[in-house]
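Novice: Dropping a structure here in structure tokens format, bear with me for questions.
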Amino acid sequence: MRLQSGSWLVVVSHWALVAVGAWGSEFVADPSFEQSGNAAKDGWQGDSLVYEIDTEVSRSGKSSLRFVNSDPDRYSLFSQEIAVKPGWKVRFGVWAKTKDLQGPESGATICLEWKSATGEHLGGSYPSGIKESRDWTHIESTCRVPEDAASVTLSCYVRRHMTGTAWFDDVELERVVDPPMGVMLKAPVYRGWFTSRTPGEARVGVQLRLRDHHLQPSDVRLSLRLRDVSGTIRQETTAQSGMSNGEIEMAVPLGPLPTGVYDLEVRLTTRDGKELQTVHERLQRVPDDVRQRCTIDEHRRLLVDGKPFFPLGMYFLSVNEQELKTYAQSKFNCLMPYMSPDRQQMDMAEKCGLKVIYSMKGWYFGSHYCPKSIRSQADEEAMVRRRVREMRSHPALLAWYLNDELPQSFLPQLEAHQRWVVEEDPNHPTWAVLYQYKEIADYLHTFDVIGTDPYPIGRKPASMVADWTAETFRQVGRSRPVWQVPQAHNWAIYPAVVDPKKHHCRTPTYDEERSMAWQCICEGATGLVFFSWFNLHRNPDVPFDQQWEALKQVAAEIDGMAPVLLSVEPTPSLAAGGAAAGQPAPRWLRWTARSHDGKLWIVAANDGDGEGEVSFTLPSQPRSISVAAENRTIRPEGNTFRDAFRPLAVHIYEIALPRRYLTSSWERQIQLELKRHSIECSTTGRRQRRPHIDRPPCRPSCRRGARVSQLAERSIRPWPE
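Each position in the sequence shown, counted from 1, maps to that position plus 9 in the numbering used here.
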């Protein structure tokens, strides 16, 4: 049976995705550099040694802004502060022209940046530019200004360490108003596919964005309908009261539906029934016997040949046999080579027992790394489909890498690539990585798995990793897999991005690598791909062997914990706190808990922003607490235990609770069979509370009772009291 993608069709009946204000005219002062003959423009600020007004060259009008630089160490932006508000979505751009512009970076471009009320740089949007000698070229990007931005600056500039000449003209900025409703499919988690077993409901998160449309929650109504291919409504529900401008969750049961395609409709109307917006999600009931080689389950876990798999990898430049042999002598299990491997290289990876995340991340016309064979957007589809068909059956393939930090201006192309890959290959998920960690919700239709790449060491606190991961998980409604990209490089390798003179650039230490990895996991990551293998050979302050040994230790620890991390056994209620009774947990504490094979596990990481003692409160006094890899135990105080954390420390606790609080996988299987048996046989008056080997089934026709006895007979452990 052909599996189809869970695609979106958005119908905006009365509200369009609109731009507010003409390009450049409302928000940008003097967008075409026409008002004065010198560089000190009204609203514009920049270095007059580099920037000046050119009245001989222009795209429109009589003048443009010219950049001339012969010193690769000189770096300056030509900027003005823009009156846009926090939370706004904006599209901005510029026309640029270059002559003999040389250097390691992408060249002449534009950016939008934002700062906090204290002047702290919070981030920005940085589209790739042009270099060498190019005629007038349009550069643009779309982004959302974060809610905590106090000021926003628009800049024309040339990237670091570049020399030559560039011109800028016709700067543009407009506000983009989204439709009044944003919809996120939260279940089924993966491509809208479901079976008779999971999930039991179709669930969506609806974000109301009514302020820009002069509406209040009390003015609108929401409905959710599930239709089959004939248009018959199978399930429906409505939300009419208690709504707010926050997120609303709605769900309908999927029930025993036959295999096939279904339409999940989310409809927003006024109180009198006038349609405002309708969103359609495609769902597909998949036969229970369909098995994908690599898929995502309802717990956001990657399954490889039906078994849970924790991706643990690194970025490579290319694939060669000698490097793979070295790499394979570790617990890393996959790699992401930037240079798309051929079949021989894929065979090498398979021979070494490694999986490959296959990159097609640059195959977008207009992107910086677009292959020369793609001369227009029309060339993209054939190339993508051809490569997917060529590699989709290779046993080393783990996933497809479709996006590496492309801006929102590429969203139509990104969504198309996602659709083509899903149509060609139902057996492998797609992965995208963004630095735009507060914009991920806008990219939701472009990936199956998301990741972000916080690289703090040498310029930011290590806690940046936990903060980015938590926000990444929040942006996808905690309903998509997250494979994060921890830092393994020294920023000094990239002087065009980070100025080593202004930052203490260095390679992360073992403690930092370990803490950053576990911070990601504690905040929801289900995979890690470090950046990068090739930089281990380039880091100027730490030899390859030393850093590789540290990374191998980190990987070995995570690999050893993979069965615990991937466990979906029920976890009892517990809480973290400070050293004193009733004190909240310190902000620097990041932690998560799992139940596995009759034990409770707590992983706790200090993100580096503090130190001290913390406490954990359990549902009952534990029988024992041991700290993994530290050769020590902890004596509990009733149902509470305490431990000290130095900065960046990671502690992994193995806790034995009374058996009534934990249920291992084999016990859960028996309980499930017993529950089903009890329901089926209740009319006989023989409700079984536990399986007894010497008790026959209620009646010869009841096979489930026999199944329970067989399970109990095979189980050497006693039934939990």
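Ideal placement from N, C-alpha and C gives every residue a C-beta, glycine not left out.
These figures come from a predicted structure and were not determined experimentally.
Does DSSP classify Asp298 as helix, strand or coil?
Specialist: Three-state result, Asp298: coil.
Novice: Buried or exposed, going by whether 16 or more other CB atoms sit within 10 Å of the CB of Gly591?
Specialist: The residue is exposed, with fewer than 16 neighbouring Cβ atoms inside 10 Å.
Novice: Would you mind reading off the limits of the beta strand (DSSP E) that contains Ser524?
Specialist: Ser524 -> not in any beta strand (DSSP E); alpha helix (DSSP H) instead, spanning Tyr519 to Cys531.
Novice: Closer than 6 Å by C-beta to Phe325: which residues in its own chain qualify, once you throw out the five before and the five after it? Chain order, please.
Specialist: Leu344, Pro346 and Trp542, listed in sequence order.
Novice: Taking only three categories from DSSP, how would you classify Asn412?
Specialist: Here Asn412 sits in strand by DSSP.
Novice: Beta-carbon within less than 6 Å of Glu122's beta-carbon, same chain only, minus the 5 sequence neighbours each way: which residues are those?
Specialist: Within the same chain, Glu122 has close Cβ partners Gly133 and Thr162.
Novice: Quick one: any contact between the segment 560-571 and the segment 508-515, if contact means 3 or more CB pairs under 8 Å?
Specialist: Touching, no.
Novice: Evaluate contact between the segment 456-465 and the segment 476-490, counting only Cβ atoms and requiring at least three cross-stretch pairs below 8 Å.
Specialist: Short answer: they touch.
Novice: For Leu312, which residues does DSSP report across the bridge?
Specialist: Paired residue(s): Thr304 and Pro317.
Novice: Throw me the rounded Cβ distance for the Trp597 and Ser402 pair, which I believe falls under 8 Å.
Specialist: Not quite, the Cβ-Cβ distance comes to about 47 Å (not below 8 Å), so this is no contact.
Novice: Express the C-alpha separation of Arg655 and Arg220 in angstroms, rounding to a whole number.
Specialist: Rounded to the nearest angstrom, the two C-alpha atoms are 46 Å apart.
Novice: My parser needs the alpha helix (DSSP H) runs of 4 or more residues fully inside the segment 470-495; what are they?
Specialist: Counting whole runs of 4 or more residues, the segment 470-495 contains the alpha helix (DSSP H) stretches 473-484.
Novice: What does DSSP give as the partner residues of Ile611 in its beta bridges?
Specialist: Paired residue(s): Ala602 and Tyr662.
Novice: Just curious, the beta strand (DSSP E) that Val161 is in, first and last residue?
Specialist: It spans Ser160 to Val167 - the beta strand (DSSP E) in which Val161 sits, taken as one unbroken run.
Novice: Enumerated in chain order, which unbroken segments of the beta strand (DSSP E) with a length of 3 residues or greater are wholly contained in the segment 152-222?
Specialist: For the segment 152-222, whole beta strand (DSSP E) runs of length 3 or above, ordered along the chain, are 160-167, 172-186, 190-196 and 210-217.
Novice: Classify Ile661 as buried or exposed, calling it buried when 16 or more other Cβ atoms lie within 10 Å of its own Cβ.
Specialist: Counting Cβ neighbours within 10 Å, Ile661 comes out buried, since at least 16 surround it.
Novice: Compute the Euclidean distance between the alpha carbons of Val430 and Ile62, then round it to the nearest angstrom.
Specialist: Computed Cα separation, rounded: 47 Å.
Novice: Could you check the C-alpha separation between Arg294 and Arg300 for me, to the nearest Å?
Specialist: Rounded to whole angstroms, Arg294 to Arg300 spans 13 Å at the Cα level.
Novice: Roughly how many angstroms lie between the CA atoms of Pro495 and Glu245, to the nearest whole one?
Specialist: So the alpha carbons of these two residues sit roughly 43 Å apart.
Novice: For the beta strand (DSSP E) containing Gln89, list its first residue and its last residue.
Specialist: Taken as a continuous stretch (DSSP letters only), the beta strand (DSSP E) holding Gln89 covers Leu86 to Ile91.
Novice: Under 8 Å between the Cβ atoms of Thr107 and Glu141?
Specialist: Yes, the pair counts as a contact, with Cβ atoms nearer than the cut-off.
Novice: Between which two residues does the beta strand (DSSP E) containing Glu122 stretch?
Specialist: Run containing Glu122: Ala117 to Lys124, per the beta strand (DSSP E) assignment.
Novice: If you drop the 5 nearest sequence neighbours on each side, which residues of the same chain put their C-beta closer than 8 Å to that of Glu389?
Specialist: Within the same chain, Glu389 has close Cβ partners Trp372, Tyr373, Phe374, Ile383, Gln422, Ala425 and His426.
Novice: Helix or strand or just coil, what does DSSP make of Tyr464?
Specialist: If DSSP states are grouped into helix, strand and coil, Tyr464 belongs with coil.
Novice: For Ile38 and Ser150, I'd like the C-alpha separation in whole angstroms.
Specialist: Checking the sequence shown, residue 38 turns out to be Ala, not Ile. Each residue's Cα considered, the two are about 19 Å apart.
Novice: For Thr601, which residues of its own chain have a beta-carbon under 6 Å away from its beta-carbon, when the five flanking residues on both sides are left out?
Specialist: Result list for Thr601: Cys531 and Val612, in chain order.
Novice: Write down every uninterrupted run of the beta strand (DSSP E) in the segment 565-591 whose length is 3 residues or greater and which is fully enclosed by it, in chain order.
Specialist: Within the segment 565-591, the complete beta strand (DSSP E) runs of at least 3 residues are 584-586.
Novice: Please determine if the segment 312-322 and the segment 581-588 are in contact, where contact requires at least 3 C-beta pairs separated by less than 8 Å.
Specialist: No contact exists between the segment 312-322 and the segment 581-588.
Novice: By a C-beta neighbour count over all protein chains shown, 10 Å radius and 16 as the cutoff for buried, is Val270 buried or exposed?
Specialist: Val270 comes out exposed.
Novice: Reducing DSSP to helix, strand and coil, say where His289 ends up.
Specialist: Residue state, collapsed to three classes: strand.
Novice: DSSP three-state call for Arg276: helix, strand or coil?
Specialist: Three-state result, Arg276: strand.
Novice: Please name the residue or residues paired with Glu620 in a DSSP beta bridge.
Specialist: None; Glu620 has no bridge partner.
Novice: Between the C-alpha atoms of Tyr519 and Ser582, what's the straight-line distance to the nearest angstrom?
Specialist: Going by the C-alpha atoms only, they are around 32 Å apart.
Novice: Quick check on Thr118: buried or exposed, where buried means 16 or more other Cβ atoms within 10 Å of its Cβ?
Specialist: Under this definition Thr118 is a buried residue.
Novice: Kindly indicate the opening and closing residues of the beta strand (DSSP E) around Gln111.
Specialist: Gln111 -> beta strand (DSSP E) spans Lys98 to Gln111.
Novice: Looking only at its chain, what residues have a beta carbon closer than 7 Å to the beta carbon of Gly362, apart from the 5 residues adjacent to it on each side?
Specialist: Correct list, in chain order: Ala337.
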